[in-house]
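So the structure is just underneath, and the comments pick up after that.
Residue numbers (the numbering used here), protein chains in the order written: chain A, -13 to 240; chain B, 106 to 179.
This is the structure:
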């Protein structure tokens, strides 16, 4: 009986119908949290003693970087599940995660660069953290390119999953890069195992933004997955009925 | 908790760091909005494509029925 649940989860149609109810709530939560967190971080959190106001970029830089990494896990794990259990839906999630991850990595790099200028005096340095994040961006772009390079979907799915899995080597390197090598990048501000090196007045807006970004990520990933499901299944009767719009629903109601 | 700036101008200027801070926030929100709107555009494109397919199918069927009718002996 537990397997029934697992199989249903693999069904794109079930996923599409199940997630319909979640979408407005996820959208509302992300808008409220990111809106409140931005206003809090930009206007109400105290100025940093060393970096002045430029540090306010942290409120988008850190959540974007978190999600860029978490998104890679999601992409690679979905790819692995697809390879092992041949689950259709999980390949769709993997493909949907690639452009979202690429955008978040780009945001992390871009905000890092404009934060670097006033604090380090340069937009870019080839140090371990920044270079490994750039490699992450290339991995995401690689998966996107690979997903479009094959005419047969199943072949593209497998190739993308393999690339995503091989690329996971990069993830621990990104995490540890600030400890292993000398770098301009500051060490982690939020630590899970010891006391964070950030004042509560700055920590709570940051936490709000991180949770908001997680909600937005979930919403965006599900929205992209739903669209890809429709594109893949457009021949099926349930998609035709859904997309048929008024005429189909009217005839059904009548 | 209180607002950290004396005026709107000071808030925008941020002691000279305003350009960097606002550029970072602006680019972030622009790209995230584009990413959020993308599925909607894809849905519209798919809908148009399906309607086109249906039109082609309907035309094909009407031509077929006309042909069979013409083929029938009067």
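Glycine included, each C-beta is placed from N, C-alpha and C at the ideal position.
Identified DSSP bridge partners for residue 38/A: Taking the first residue of the first chain as position 1, residue 38/A is located at position 52. Secondary-structure assignment with DSSP links residue 38/A through a beta bridge to 34/A.
Contacts that residue 120/B makes with chain A (C-beta to C-beta distance below 7 Å): Translated into positions along the second chain, residue 120/B becomes position 15. Within 7 Å Cβ-Cβ: 38 and 39.
Per-residue burial, residue 0/A [other beta carbons within 10 Å of its own, 16 or more giving buried]: Translated into the one-based positions of the first chain, residue 0/A becomes position 14. With fewer than 16 other Cβ atoms within 10 Å, it is exposed.
From 184/A, 39/A and 214/A, residue whose alpha carbon lies closest to that of residue 127/B: What you label residue 127/B is simply residue 22 of the second chain in a count that begins at 1. Looking at 184/A, 39/A and 214/A, the one whose alpha-carbon comes closest to that of residue 127/B is 39/A.
Under 8 Å from the C-beta of residue 129/B: neighbouring residues of chain A: Here residue 129/B refers to the residue found at position 24 when the second chain is read from its first residue. Correct list: 43, 46, 47, 96, 97, 100 and 101.
Residue span of the alpha helix (DSSP H) that contains residue 213/A, given as start and end: For the purposes of this step, residue 213/A is identified with residue 227 of the first chain, where counting begins at 1. It spans 186 to 218 - the alpha helix (DSSP H) in which residue 213/A sits, taken as one unbroken run.
Closest Cα partner of residue 31/A within the set 14/A, 184/A, 173/A and 57/A: Taking the first residue of the first chain as 1, we reach residue 31/A at position 45. Of 14/A, 184/A, 173/A and 57/A, the residue nearest in Cα terms is 184/A.
Whole-angstrom distance between residue 199/A and residue 143/B, CA atom to CA atom: Here residue 143/B refers to the residue found at position 38 when the second chain is read from its first residue. Here residue 199/A refers to the residue found at position 213 when the first chain is read from its first residue. CA-to-CA, the gap between residue 143/B and residue 199/A works out to about 18 Å.
Per-residue burial, residue 143/A [other beta carbons within 10 Å of its own, 16 or more giving buried]: Here residue 143/A refers to the residue found at position 157 of the first chain. Burial call: buried.
Start and end residues, alpha helix (DSSP H) containing residue 171/A: In the first chain, the residue the question calls residue 171/A occupies position 185. No alpha helix (DSSP H) holds residue 171/A; DSSP gives it neither H nor E.
Per-residue contacts from residue 81/A into chain B (C-beta, under 8 Å): Translated into the one-based positions of the first chain, residue 81/A becomes position 95. Those within 8 Å of residue 81/A in chain B number zero; the least Cβ separation is about 13 Å.
Residue 108/B in three-state terms, based on DSSP: Position 3 of the second chain, counted from the first residue, corresponds to residue 108/B. Three-state DSSP puts residue 108/B in coil, outside helix and strand.
Among 65/A, 112/A and 53/A, nearest to residue 153/A - alpha-carbon criterion: The sequence position of residue 153/A within the first chain is 167, counting from 1. The shortest Cα separation from residue 153/A among 65/A, 112/A and 53/A belongs to 65/A.
Meets three-Cβ-pair contact criterion under 8 Å: the segment 82 to 98 of chain A and the segment 19 to 33 of chain A: Contact check between the segment 82 to 98 of chain A and the segment 19 to 33 of chain A: fewer than three CB pairs, one atom from each, fall below 8 Å, which does not count as touching.
Contact check, residue 194/A vs residue 53/A, beta carbons under 8 Å: Position 208 of the first chain holds residue 194/A. Position 67 of the first chain holds residue 53/A. No, they are not a contact pair.
Cα-Cα separation between residue 217/A and residue 158/A, rounded to whole angstroms: One-based indexing of the first chain puts residue 217/A at position 231. One-based indexing of the first chain puts residue 158/A at position 172. Near 35 Å, if we compare the C-alpha coordinates of residue 158/A and residue 217/A.
Exposed unless 16 or more other CB atoms sit within 10 angstroms - verdict on residue 214/A: Within the first chain, residue 214/A is the residue found at index 228, counting from 1. That one is buried.
Residues near residue 2/A in its chain [Cβ-Cβ closer than 8 Å; skip 5 each side]: Translated into the one-based positions of the first chain, residue 2/A becomes position 16. Counting only Cβ-Cβ distances below 8 Å, and skipping sequence neighbours, we find 212, 215 and 216.
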